[in-house]
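Asks:
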Amino acid sequence: MPISEKSIQEVKDALDIVDVVSDYVDLKKNGNNWWGLCPFHQDNTPSFSVAPNKNFYHCFVCKASGDSIKFVQEIEGISYIESIRKLAQKFGVQIQETQVTPEEEKAQKHKESLHIVLKFAQEFFYDNLMNSEEGKSIGLSYFKERGFREGTIEEFGLGYTINDWHAFEKAALEKGYQAELLKEAGLIIQKEGGKQYDRFRGRVIFPIHDLSGRPIAFGARTLKKDEKPKYLNSPETPVYHKGQVLYGLFQAKNEIRQKDNCYLVEGYTDVITLYQAGIHNVVATSGTALTEGQIKLIKRFTENVTVLYDGDDAGIKASLRGTDLLLEQGLNVRAVRFPDGEDPDSYCRGLGGEKFQEYLEQNHQDFILFKTNLQLDEALNDPIKKAAVTREIVESISKIPDPIKQSFFYKECSSLLQIDEDILKEEGRKIAEQKIWKEEKRRTQGRRSWEPPIYDAPIPTQDPSSVPPPPPMDYPPQEAFMPPPEYMDIPTDEAPSVSPLPPIGKQEYKEPEFPSFVSGESINVPLEVQKANNERLFIAELEMIRVILEKGTEVDSQNISVLSHIIEDIGDAYFISPTLRDIFNTYKNEIIISKNIDIDFFKNHSDPLIRNACKDILKISPKASRNWLEKFKIFVPEKDEDLEQIVFKTIAHWKYVRQKYLFEQRQKDLMTSTDFEEQDQILKELAELKNQMTVLANDLGYNDIN
Ligand SMILES: [Zn+2]
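See below:
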């Protein structure tokens, strides 16, 4: 809700920065200013000064500085508006909201009521734990068994619910809280017949707090042996969205900022045990998969996360994928594992805080290397498994937004996996491309032009184990690396002479007429890889580029250039070959800037990759072209053909091949789909594609769809 400018000013007028900072930092006066240990870095001598007359703080070491509002924002990790509200409360300023609709006001009031009833519940559960016979004998003794001290129990607001269907409900109604509100807060449940009862019964309670320390939900653990579920949690409510909350963050946030690192664990008790042992910068996902919202929360305080894994290899492997999300969000991720049978909670209790902390420091490993090492053992002697593992690791690396970090990991993993670095990088590029395709597809879905504007991403649908094994080879020479499954997935098309798969690095797959594109340049993609993806489509793209290079600037009877025709017709189409795509895009951009470029532009291009590739393409002999034509039933323009005919045929043929490619991809999707609705949708798409292909085949004079 917006706050009026007048109120903001009133808060600014009322506050006293020394008073504000003193809530968090011990300050001593020296001259006009006050001094203390900086809360924003690990400070040993007082470097943090506060100037009351300027409403300004400044750290001489880490350079943190600002006014009272910023200080509260930073230290609490809250927004500007939240900070103003907090200060208004502290200094007794009545805040005036502006332009608040009656609905907004109602919703705000409603949330406040929920907060009040949740606070009541937390206190009630705590009281049960500490003062009721049942609470003491069952709940409190459980916590004590886990080594929780009473101070810790109080700090985390732990509690107990009496094993009774109506104990909480009765107490809350007596206090005057409306049953409706109790239901909405997720504290009581109403059956269809009208009967209502407590959600949590006979369980120990872990309150979940928001960033300002208010309880917003509860996790409740049963202590009965066979009761399911072991943990019962509050449902989503207007104040609790579980994907936006991390357990323990309220208690941990200051320490996370100071240590510039956040330990991530799985369970409530992991957090509490570590916290009690002096490791305060720890939060838990509470057993759910990590969400983007949770990662954004962490990012408010640090860029560094150390994941403490529970359990055995299998358990760790299952949770590896979730960790990728952290990489994707640009965080630096490290990992620690514990001896078999131990989790962070048990291991910390066994070792004690100091030794445990030492263990963390000595055993943390960068996540990518951790993941590689973890999977290496089983993969080393099995080329197929190795291909799958490699792909997974490259997938992780490709999610790191920082290219310098990426490059470092490619190098490291190349030596761990004993696979050539360039092959890993190329694989990473492919994954990144697929991501672009998928996004493009999502964006353009529903578009019903006769020509699908995008490719379907070649999603690997095959289980690696169904891929035929490679010929036996001695490990570990580099050639033993099996390309990931989708390389093996060349559409068979009607081109029987295409060998099933050229293992990368093997020499048997050679097309002498093909230009050998430069190697060792920035985009160093072996041509076989570009080609193997879909040879026919690759050649259609190559022909398109050749026509552009040879005839791009020629004009037709209406004085429109060949290039303009092509760009207008194929627009933002995505070439599967990275090299050809680069050339096409360079051409397109250049033509937008200069309107008029000639072939020398490419012959003299500053990027040697483009320069040499173009030279090579122009060298392709008519004989080679004709060979392709025979091999793939491909249209190849003759030198003396009519210009408009050439342009038309080149574009039409390329579209045709592209649609065929799309068709085959969707056919594969159809085979693997288990969802009837999806199957239906795919069948419709296939029918439409077939129609379009028939039209094009007619135009091109192909006898039938092939
Ligand atoms: Zn500082």
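With UniProt numbering applied, the sequence shown corresponds to residues 1 to 706, in that order. Glycine included, C-beta positions come from ideal geometry on N, C-alpha and C.
Distance, Cα to Cα, GLU521 vs SER557?
Replies: Its pLDDT being 27, under 50, GLU521 is placed unreliably in this model, and the coordinates cannot settle the point.
Asks: Across which residues does DSSP place TYR247 in a beta bridge pair?
Replies: DSSP lists ALA284 as partners of TYR247.
Asks: Name, in chain order, the residues that DSSP records as bridge partners for VAL204.
Replies: TYR160 and ARG221, per the DSSP bridge assignment.
Asks: Can LEU223 and TYR126 be called in contact, C-beta distance under 8 Å?
Replies: No, they are not a contact pair.
Asks: I'd like to check one pair, LEU246 with GLN294: are the Cβ atoms closer than 8 Å?
Replies: Yes, the pair counts as a contact, with Cβ atoms nearer than the cut-off.
Asks: Need the endpoints of the beta strand (DSSP E) that CYS262 sits in, please.
Replies: Looking at the DSSP string, the run of the beta strand (DSSP E) that includes CYS262 is 262 to 265.
Asks: In angstroms, rounded to a whole number, what distance separates the CA positions of HIS332 and GLY139?
Replies: Sequence inspection shows Asn at residue 332; the His mentioned does not correspond to that position. If I take the Cα positions, the gap works out to 39 Å.
Asks: Could you give the uninterrupted runs of the alpha helix (DSSP H) lying entirely in the stretch 116 to 176, keeping only those of 4 residues or more?
Replies: Counting whole runs of 4 or more residues, the stretch 116 to 176 contains the alpha helix (DSSP H) stretches 141 to 145, 150 to 155 and 167 to 174.
Asks: Can you tell me where the alpha helix (DSSP H) holding THR323 begins and where it ends?
Replies: Here the alpha helix (DSSP H) through THR323 covers 313 to 328.
Asks: Just to be sure I understand the criterion: a residue counts if its Cβ is closer than 7 Å to at least one heavy atom of ligand 1. Which residues meet that?
Replies: Result (chain order): CYS38, PHE40, HIS41, ASP43, SER47, PHE48, CYS59, VAL61, CYS62 and ALA64.
Asks: Determine contact between the stretch 352 to 365 and the stretch 387 to 397, defined as no fewer than three beta-carbon pairs at a distance below 8 Å.
Replies: No, the stretch 352 to 365 does not touch the stretch 387 to 397.
Asks: Beta-carbon within less than 7 Å of ILE75's beta-carbon, same chain only, minus the 5 sequence neighbours each way: which residues are those?
Replies: The residues are TYR24, PRO39 and ASN254.
Asks: ILE3: buried (16+ other C-beta within 10 angstroms of its C-beta) or exposed?
Replies: The residue is buried, with at least 16 neighbouring Cβ atoms inside 10 Å.
Asks: Measure the alpha-carbon distance for PHE338 versus GLY311 and round it to whole angstroms.
Replies: Their Cα atoms are separated by approximately 8 Å.
Asks: Would you check if the stretch 187 to 204 and the stretch 150 to 165 touch, i.e. whether three or more CB-CB distances between them fall below 8 Å?
Replies: The stretch 150 to 165, when compared against the stretch 187 to 204, does touch it at the 8 Å Cβ threshold.
Asks: What did DSSP end up calling VAL93 once you bin it into helix, strand or coil?
Replies: The answer is coil: DSSP assigns VAL93 none of H, G, I, E or B.
Asks: Between TYR268 and PHE206, how many whole angstroms is the CB-CB distance? I'm expecting something under 8 Å.
Replies: Right, their Cβ atoms sit about 4 Å apart.
Asks: Is it the case that the stretch 373 to 393 contacts the stretch 344 to 354, given that we only count it when at least three CB pairs across the two stretches are under 8 Å?
Replies: Because the criterion of three Cβ pairs below 8 Å is not met, the stretch 344 to 354 and the stretch 373 to 393 do not touch.
Asks: Mapping the DSSP letters down to three states, classify CYS59 as helix, strand or coil.
Replies: Three-state DSSP puts CYS59 in a strand.
Asks: Helix, strand or coil for THR237, going by three-state DSSP, please let me know.
Replies: The answer is strand: DSSP assigns THR237 an E or B state.
Asks: Only counting the same chain, and skipping five residues up and downstream in sequence, which positions put a Cβ closer than 6 Å to that of ARG214?
Replies: If we look at ARG214 and ignore the five residues flanking it on each side, its Cβ neighbours are HIS115.
Asks: From what residue to what residue does the alpha helix (DSSP H) around ASN604 run?
Replies: Where ASN604 is concerned, there is no enclosing alpha helix (DSSP H), given that its DSSP letter is neither H nor E.
Asks: Spatial neighbours of ASN128 within its chain, please: CB distance less than 7 Å, with the 5 preceding and 5 following residues excluded, ordered by chain position.
Replies: Excluding positions up to five away in sequence, the list reads GLY135, GLY159, TYR160, THR161 and ILE162.
Asks: Could you work out which residue in ASP699, ASP607, VAL265 and LYS619 is closest to TRP654 when comparing CA atoms only?
Replies: Among ASP699, ASP607, VAL265 and LYS619, the Cα nearest to that of TRP654 is on ASP699.
Asks: Where do the N-terminal and C-terminal ends of the alpha helix (DSSP H) with PHE676 fall, by residue?
Replies: That run of the alpha helix (DSSP H) goes 676 to 700.
Asks: Mapping DSSP to helix, strand and coil, what is THR306?
Replies: Three-state DSSP puts THR306 in a strand.
Asks: Tell me which same chain residues have a C-beta within less than 6 Å of the C-beta of residue 746, skipping the five on either side of it?
Replies: Nothing in the structure corresponds to residue 746, since the chain is present only between 1 and 706.
Asks: Report yes or no: do three or more beta-carbon pairs, one from the stretch 9 to 19 and one from the stretch 86 to 106, lie closer than 8 Å?
Replies: Short answer: they touch.
Asks: Could you give the DSSP three-state label for PHE575: helix, strand or coil?
Replies: Note: PHE575 maps to coil in three-state DSSP.
Asks: With a threshold of 16 other CB atoms inside 10 Å of the CB of SER465, please say whether the residue is buried or exposed.
Replies: At SER465 the pLDDT is 41, less than 50, meaning the model places this residue with poor confidence and gives no usable figure here.
Asks: Pick from LEU181, LEU211, LEU37 and ALA284: whose alpha carbon is nearest that of GLN258?
Replies: If we check each option's Cα against that of GLN258, LEU37 comes out closest.
Asks: Give the DSSP bridge partners of ASN30, in chain order.
Replies: BP columns for ASN30 point to ASN33.
Asks: Kindly indicate the opening and closing residues of the alpha helix (DSSP H) around VAL18.
Replies: Here the alpha helix (DSSP H) through VAL18 covers 17 to 22.
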